[in-house]
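Quick note: to get this note's numbering, add 686 to the position in the sequence shown (first position is 1).
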Amino acid sequence: MKPMVLFVDDDEMMRELVSYQLSDAGYNVLTAEDGKEGLKFFRHYKPQMVISDINMPEMDGIQLLKMIREISKETKIIIVSASDSFETAVKVMKMGACDYLEKPFSLEVLVNSVEEILNNKVQAANGI
């Protein structure tokens with residue numbers, strides 16, 4: 687069985703699409719609708735990877751990334767965002783994200799990124 691992936695996004699349709707695509711690729715997928723729920727699921731299920739949107743109510747993706755990094759340096763993290771801010775991409779990579787994808791992204795690109803990262807073909811900017 688492939689690793690567990692937690693996808694956090696406040697867009698229900700996006701959660702469904704990504705969950706279906708990653709499940710179809712063989713991953714065990716959990717979804718959360720915001721950062722607070724994502725953090726709760728992260729603590730309980732300890733997924734190997736978290737994919738999170740940045741702009742969400744309650745707790746945004748940057749806050750979630752920071753909290754996850756305080757708990758685990760090993761968890762692989764991909765940040766997705768509708769904003770194409772170069773500064774934000776650099777910031778999250780320096781915080782330990784393994785990849786940054788701009789929405790809308792191809793589901794194939796997302797699955798390829800997940801597989802490359804989990805197979806240790808790509809390392810985070812900080813060497814994790």
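Every residue, glycine too, gets a C-beta built ideally from N, C-alpha and C.
All of these numbers come straight from a predicted model, not from anything done at the bench.
Here the alpha carbon of ASN714 sits roughly 7 Å from the alpha carbon of LYS688. Note on TYR706: under 16 other CB atoms within 10 angstroms of its CB, so exposed under the neighbour-count rule. In the three-state DSSP reduction, ASN798 falls in the helix class (H, G or I). One thing to note: VAL691 has its Cβ within 8 Å of the Cβ of LEU708. Going by beta carbons, VAL800 and MET735 fall inside the 8 Å limit.
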